[in-house]
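The sequence shown begins at 133 in this note's numbering and counts up one residue at a time. Built from N, CA and C at the ideal position, the CB exists for glycine as well.
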Amino acid sequence: MKTHETTLLLLAILSLIMAIPTAQALQPPKTYAIWELKLEDQTIIRLQVIPDLDNDGVNEVFIASSAEKDSYLYIVSGKNGTILRTSGPLGHKIRDAVWVSGYVAASAVEEISIFDYRLIQIYTLPVFASLDVRLQPLGNLFVALDIFNEEAPKLVAINPRNGQVVWSVQYSRYAIQSVLTFSGRVAVAFTNGSGCFIKIMDEKGEEEGCVRVLVERKTGGKVYISSYRDGLLFFRYMVDEEAYIGCISLKKPMRLCWMTEVDPHPKNLPFALGDANIDGIGDVVAVLNGKLALFSGKTGELLYSTGLRMLYAKCLQTINEKGDRTVLMSDEGRIYLLSFGLLNYSAYWVLGNYTYMESLGDVDGDGLNDIAIIYGGTLSCFWGGYDQENPRIHVLEPKNATSTSNPLIVFRAEVEDKQSGVKRVLFVIDGEEHVARYNPSLGVYEVGVILKDGTHRWSVHAVDRVGHDAYTPSFQVEVNTSLMGGPGWADDIAVFFLTASLLVASLYVGIKRW
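Okay, here's the thing in structure tokens:
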């Protein structure tokens with residue numbers, strides 16, 4: 133035990149040392165939009181990241197949108213935001229949609245329409261899907277809560293390939309409160325009048341376990357299942373105007389691990405992330421006392437509160453493989469890039485205001501997940517990293533105070549930015565900007581310019597993808613195309629005239645003698 137505590141102390145000291153700023157001045161951390169797509173006069177109602185369809189190594193984005201009297205389905209390239217496929221106007225309004233194994237299920241009033249991978253409608257099903265439980269993928273199936281018979285709602289799992297109802301569970305005596313699919317399983321929160329329960333079923337609808345959610349001396353209430361990570365299922369339980377977050381271990385025998393009281397907002401949900409306190413179990417965030425707080429995923433203990441004020445968190449996505457760096461959306465639609473450590477957190481940048489977001493995976497190949505974000509009818513992909521340094525410029529040629537008789541001057545510089553990357557390099561020559569091109573064979577940015585005789589002043593201006601820029605001092609280069617060394621051609625003309633006169637005179641004398 134002492135060894136573990138000593139290790140934690142050393143790690144804490146190391147993290148504090150690493151947090152000390154270096155002598156180099158840092159800029160405010162920023163991100164940037166990798167691409168953006170605007171759908172005019174439409175509102176995006178569903179965003180879902182789907183597998184790569186065009187073999188470019190990047191996941192695609194499925195979106196369903198709604199217009200005034202119509203709806204649309206799209207598949208968008210995750211790499212550059214171009215529309216790969218579209219259904220065109222559907223001719224009616226849809227309420228929800230989900231992509232599953234190359235098919236799309238779109239719910240309208242009293243029916244679900246099935247589309248193939250081309251987004252062409254192939255058939256409809258008489259299923260009245262509840263708006264309280266969204267359509268969700270479950271392996272090669274999708275699940276919906278059919279409320280066609282209000283007195284006996286059914287949770288159904290449907291194969292979109294043929295419309296077959298693979299399994300259904302009727303809850304005539306129960307009230308379904310929430311449903312979450314994850315890792316080929318489905319969790320259903322329900323109440324039967326005597327208490328609240330969470331049931332876990334596999335893809336075939338077979339029950340794996342059932343756990344009762346209970347707080348001492350409390351009865352009734354409502355459960356909302358919010359997230360899953362590494363064998364732990366997290367939920368919120370509201371009862372008697374109080375709110376608790378809890379954790380269920382899915383390792384058999386399934387059990388309720390802990391419950392902790394948080395702010396009683398009906399949308400205050402727990403979201404799982406990586407192991408911040410280094411105890412081998414992923415941790416969880418929720419809002420406590422009006423601020424985002426980190427709780428131990430192992431015990432539910434409050435680890436620390438952040439300074440971020442909000443009513444609740446809308447959603448959370450992890451950016452790195454470890455899961456301790458996340459993007460989180462607040463109730464007001466602000467998106468924060470956060471890193472959770474052993475003793476404290478770091479906030480890097482904030483965007484706002486948006487409606488929803490999903491992790492798109494690594495779009496630009498830097499090892500960090502990037503995020504797809506929606507607002508109204510606009511879909512954007514933002515870089516999941518942060519940049520707080522200016523680009524670095526190393527001027528190669530011409531050397532300062534160079535003098536040359538060649539009017540064609542090639543300007544070259546090495547420019548690097550190890551965070552967001554170089555966006556643009558400009559050579560400013562006599563106050564005029566010249567856009568440089570990257571020469572991959574030399575690894576430099578360069579531009580060739582023909583200059584007049586005289587002294588010219590020049591510098592380099594580099595900008596990275598988030599907008600941080602760097603400038604070099606001013607240098608000078610002298611161009612003198614005169615053969616005699618004087619400025620311009622005046623002395624050369626005089627010498628040429630004298631030489632020509634002597635040659636003509638010499639030629640005249642030679643001819644006369646001959």
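Under a 10 Å Cβ-count criterion, Ala276 is classified as buried, with 16 or more other Cβ atoms of the shown protein chains found around its own Cβ. With respect to Tyr477, Thr438 sits close: the two C-beta atoms are nearer than 9 Å. With contact defined as three or more Cβ pairs closer than 8 Å, the stretch 564-578 and the stretch 493-509 are not in contact. Bounds of any beta strand (DSSP E) do not take in Lys211, whose DSSP letter is neither H nor E.
Closest option to Ile410, judged by alpha-carbon separation, among Leu475, Glu335, Asp173: Leu475. By the CB criterion at 9 Å, Tyr306 and Phe280 fall outside the cutoff. The C-beta separation of Ile166 from Asp496 comes to about 7 Å, placing the pair in contact by the 8 Å criterion.
Between the stretch 398-409 and the stretch 367-381 there are three or more inter-stretch CB-CB distances shorter than 8 Å, so the stretches are counted as touching. Around the Cβ of Asn191, a 10 Å sphere holds 16 or more other Cβ atoms; the residue is buried. The Cβ-Cβ distance between Ala533 and Val609 falls below 9 Å. Pairwise C-beta distances place the stretch 478-489 in contact with the stretch 462-470, as three or more of them are shorter than 8 Å. Rounded to whole angstroms, the separation of the alpha carbons of Val259 and Glu243 is 5 Å. A direct Cα-to-Cα measurement between Leu448 and Leu460 gives close to 4 Å. Between the stretch 535-545 and the stretch 598-613, the count of C-beta pairs closer than 8 Å reaches three or more; the two stretches touch. Boundaries of the beta strand (DSSP E) around Val595: 586-596. With the rule of 3 Cβ pairs closer than 8 Å, the stretch 307-326 counts as touching the stretch 348-366. Judged by DSSP secondary structure, Asp601 falls within the beta strand (DSSP E) whose first and last residues are 601-603.
Residue environment analysis places Asp596 among the buried positions, since at least 16 neighbouring C-beta atoms fall within 10 angstroms of its C-beta.
Annotation for Glu168: Gly213, Thr510, Leu511, Ser512, Cys513 place their beta carbon closer than 8 Å to its own, counting only its chain and skipping 5 residues before and after. Selection Lys384, Phe559, Gly493, Pro398 evaluated against Met370 yields Pro398 as nearest (Cα-Cα). Partner residues in the beta bridge of His566, as assigned by DSSP, are Phe559.
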